[in-house]
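A.B. asks: For reference, the structure I am asking about is given below.
Residue numbers (this note's numbering): 8 to 86.
Rendered as structure tokens:
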């Protein structure tokens, strides 16, 4: 689950899951850093609430994943 650590990074409140805790460090923040940059940009441009921000990020991830899958599928069918 990436939403709690991302919320923790953006707002300084909320849960920091145990996987990200320094004593365990099972997950890295490397995936969350670009998402935090996108989230900050959305907040600055759109001036939206945190709950709307989650939906905007989910939509962005869906569209980018669908586009990449479609492009990969089209490229592999040409070969």
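Idealized CB from N, CA, C, for every residue including glycine.
Assuming residue 39 contacts residue 13 (C-beta within less than 8 Å), just tell me the rounded distance between them.
C.D. replies: The Cβ separation is near 5 Å, so the contact holds.
A.B. asks: Tell me whether residue 12 sits in a helix, a strand or coil according to DSSP, three-state version.
C.D. replies: Residue 12: helix per DSSP, three-state reduction.
A.B. asks: Would the beta-carbon of residue 25 fall within 7 Å of that of residue 18?
C.D. replies: Taking 7 Å as the Cβ cut-off, residue 25 and residue 18 do not qualify as a contacting pair.
A.B. asks: Report back the beta-carbon spacing between residue 43 and residue 16 to the nearest angstrom; my notes put them in contact at under 8 Å.
C.D. replies: Contact flag correct, Cβ pair sits at about 5 Å.
A.B. asks: Throw me the rounded Cβ distance for the residue 63 and residue 49 pair, which I believe falls under 8 Å.
C.D. replies: Rounded, the Cβ-Cβ distance is 5 Å, consistent with contact.
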